[in-house]
Amino acid sequence: MANVIGSGTARYLVDSDGDAITTTGTALDVNIAGGGTIDLGDVDLYLEGGTALVGGNGAASPGTLRVTIASDTTGVLSVDDNGSTLSIDDGGGTITVDGTVSVNSHAVTNAGTFAVQQTLATTANHETMVDIDNGVEQLPTQACKEAFLQADESNTGYIMIGGTGVGDNQGMKLNPGDTLVLSVSNTNVLYAWGSAADQNLRIMSLV
Numbered sequence: 310m311a312n313v314i315g316s317g318t319a320r321y322l323v324d325s326d327g328d329a330i331t332t333t334g335t336a337l338d339v340n341i342a343g344g345g346t347i348d349l350g351d352v353d354l355y356l357e358g359g360t361a362l363v364g365g366n367g368a369a370s371p372g373t374l375r376v377t378i379a380s381d382t383t384g385v386l387s388v389d390d391n392g393s394t395l396s397i398d399d400g401g402g403t404i405t406v407d408g409t410v411s412v413n414s415h416a417v418t419n420a421g422t423f424a425v426q427q428t429l430a431t432t433a434n435h436e437t438m439v440d441i442d443n444g445v446e447q448l449p450t451q452a453c454k455e456a457f458l459q460a461d462e463s464n465t466g467y468i469m470i471g472g473t474g475v476g477d478n479q480g481m482k483l484n485p486g487d488t489l490v491l492s493v494s495n496t497n498v499l500y501a502w503g504s505a506a507d508q509n510l511r512i513m514s515l516v
């Protein structure tokens, strides 16, 4: 609690420790001793004589506040871009992320190189030869990263590969001995159609 010392225009305030409360220009000087804290409530922050800090373009100028996060910070650090654009300037170096980065689906624009690290498959699964008749058939279920499809060399006709609407000349055509490689999450998203009954299809998937 502050106390008033003196009278008239010579009056001044002192804090509970007896130290005078001073001003610099029109600003109140606040000193915090002993590692204590002070709650200023809802205030406007001014820097270098500029207007209240409400934004700025990132340059060192009035209206811009630069913050350095301590290297030993733990817990959660949240940054709200207020629905606009959040830019990170690495100063020409490297930005390191410890953990997982989640990015919502959106167009990516970059003036340089955008590198994506792909997780390589570690297991190959071989399906039993699949018999494809003259009709649309869904391929067996197998989660994967890539699917290798090969029409058996002994087939008398050809096999079409595609979606649910696959048919004659609708999809990718596999003549006897032909191989098709597709990046899919599961082989069951693919459908096959045979130009004749009893056409054999070999399937290998990488997981």
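Note that the sequence shown covers residues 310 to 516 in the numbering used here. Note that beta-carbon positions come from the ideal geometry of N, C-alpha and C, so glycine has one too.
As assigned by DSSP and simplified to three states, the class of residue i
i, result
"G317", "helix"
"N495", "strand"
"S463", "coil"
"G476", "strand"
"E446", "strand"
"G365", "Model confidence at G365 stands at a pLDDT of 48, short of 50, so the residue's coordinates are unreliable; what they give is reported in the following sentence. Of the three classes helix, strand and coil, the one that applies to G365 here is coil, per DSSP."
"L515", "strand"
"V376", "coil"
"A452", "strand"
"D407", "coil"
"L489", "strand"
Limits of the unbroken beta strand (DSSP E) element including residue i
i, result
"G471", "I468 to G471"
"N434", "A433 to H435"
"L483", "M481 to L483"
"G327", "Here G327 belongs to no beta strand (DSSP E), and DSSP marks it neither H nor E."
Integer Cβ distance of residue i from residue j, believed to fall under 8 Å
i, j, result
"A506", "D442", "5 Å"
"Q447", "N497", "6 Å"
"L515", "C453", "6 Å"
Residues that DSSP places opposite residue i in a beta bridge
i, result
"Q508", "I441"
"G503", "I468"
"A336", "T333"
### Task
Would you be able to state if there are at least three C-beta pairs under 8 Å between the region 484-491 and the region 430-441?
no
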